[in-house]
Amino acid sequence: MFKTTNPMGYQMTFQTTCATLLITCVITAPAFSQEKYQEQLCEAAKTNRVIELVYNKDKSKGCKPRLFDVHQVAIGYNGSYYVHGWQTRGCTKGRDFAAKRIFKFEKIKSVKIIDGDFSEKSQSVKSEGWDGCLGDNCFIEENICE
Numbered sequence: 001m002f003k004t005t006n007p008m009g010y011q012m013t014f015q016t017t018c019a020t021l022l023i024t025c026v027i028t029a030p031a032f033s034q035e036k037y038q039e040q041l042c043e044a045a046k047t048n049r050v051i052e053l054v055y056n057k058d059k060s061k062g063c064k065p066r067l068f069d070v071h072q073v074a075i076g077y078n079g080s081y082y083v084h085g086w087q088t089r090g091c092t093k094g095r096d097f098a099a100k101r102i103f104k105f106e107k108i109k110s111v112k113i114i115d116g117d118f119s120e121k122s123q124s125v126k127s128e129g130w131d132g133c134l135g136d137n138c139f140i141e142e143n144i145c146e
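Numbering of the sequence shown is given in our numbering, commencing with residue 1 and proceeding in unit increments.
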């Protein structure tokens, strides 16, 4: 059986090494997805741009990409990144509707900045700002960009 010694002097089998690598990948994957989209989403927030967003299980439901006006990008008290804005085309229970939405970065599958303008309602919502709360649940530590 293949064995190696790590820097602390412990012998590790090949299986242990593979398990360690797998756990490391699982732990760092959400952080990678957060970094992957932060630049694009901040650019969209700063320049009042519209994006096409594929979220979580949208593709398996057969949904078109969501159309989303990016208002803010923020980090929560839990270390997760969030994007807040106005959705004009959605994939919620098979319906399209316009509404304020918050998406967690780690569930975003793709982002594409597209041509489009904020609606009057979306611009009004952005002007009001966001306090980082959903009802009484305030979970945003700080806005990164808007």
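Positions of the beta carbon are idealized from the N, C-alpha and C atoms, including for glycine.
Residues in its own chain within less than 6 Å of residue 110 by CB, not counting five upstream and five downstream?
-> Locating residue 110 in the sequence shown gives position 110, where the first residue counts as 1. Counting only residues of its own chain and dropping the five nearest sequence neighbours on each side, residue 110 has a CB closer than 6 Å to the CB of 54.
Under three-state DSSP, which class holds residue 142?
-> Counted from its first residue, the sequence shown places residue 142 at position 142. Residue 142: strand per DSSP, three-state reduction.
Extent of the continuous beta strand (DSSP E) run through residue 110 = Walking along the sequence shown from the start, residue 110 turns up at place 110. It spans 108-114 - the beta strand (DSSP E) in which residue 110 sits, taken as one unbroken run.
Applying the criterion that 16 or more other CB atoms from any shown protein chain within 10 Å of the CB defines a buried residue, is residue 88 buried or exposed?
-> On the sequence shown, position 88 is the one that residue 88 refers to. Looking at its Cβ environment, which holds 16 or more other Cβ atoms inside 10 Å, residue 88 is buried.
Which two residues bound the contiguous beta strand (DSSP E) that contains residue 100?
-> Within the sequence shown, residue 100 is the residue found at index 100, counting from 1. Bounds of the beta strand (DSSP E) holding residue 100 are 99-104.
Can you give the Cα-Cα distance for residue 127 and residue 97, rounded to whole angstroms?
-> As a working mapping, residue 127 is identified with position 127 in the sequence shown. As a working mapping, residue 97 is identified with position 97 in the sequence shown. Residue 127 and residue 97 have their C-alpha atoms some 21 Å from each other.
Assuming residue 138 contacts residue 129 (C-beta within less than 8 Å), just tell me the rounded distance between them.
-> In the sequence shown, counting from the first residue as 1, residue 138 sits at position 138. In the sequence shown, counting from the first residue as 1, residue 129 sits at position 129. Between residue 129 and residue 138 the Cβ distance is about 14 Å, and since that is not below 8 Å, they are no contact.
Taking the continuous alpha helix (DSSP H) assigned at residue 121, which residues delimit it?
-> The residue given as residue 121 occupies position 121 in the sequence shown. For residue 121, the enclosing alpha helix (DSSP H) has its first and last residue at 120-128.
Span of the beta strand (DSSP E) around residue 92 | Walking along the sequence shown from the start, residue 92 turns up at place 92. Note, residue 92: premise wrong, no beta strand (DSSP E); not H, not E.
Express the C-alpha separation of residue 56 and residue 90 in angstroms, rounding to a whole number.
-> As a working mapping, residue 90 is identified with position 90 in the sequence shown. As a working mapping, residue 56 is identified with position 56 in the sequence shown. For residue 90 and residue 56, the distance between alpha carbons rounds to 12 Å.
Looking at the unbroken beta strand (DSSP E) that takes in residue 117, where does it start and where does it end?
-> By 1-based counting over the sequence shown, the position of residue 117 is 117. Careful: residue 117 lies outside any beta strand (DSSP E) and carries neither H nor E.
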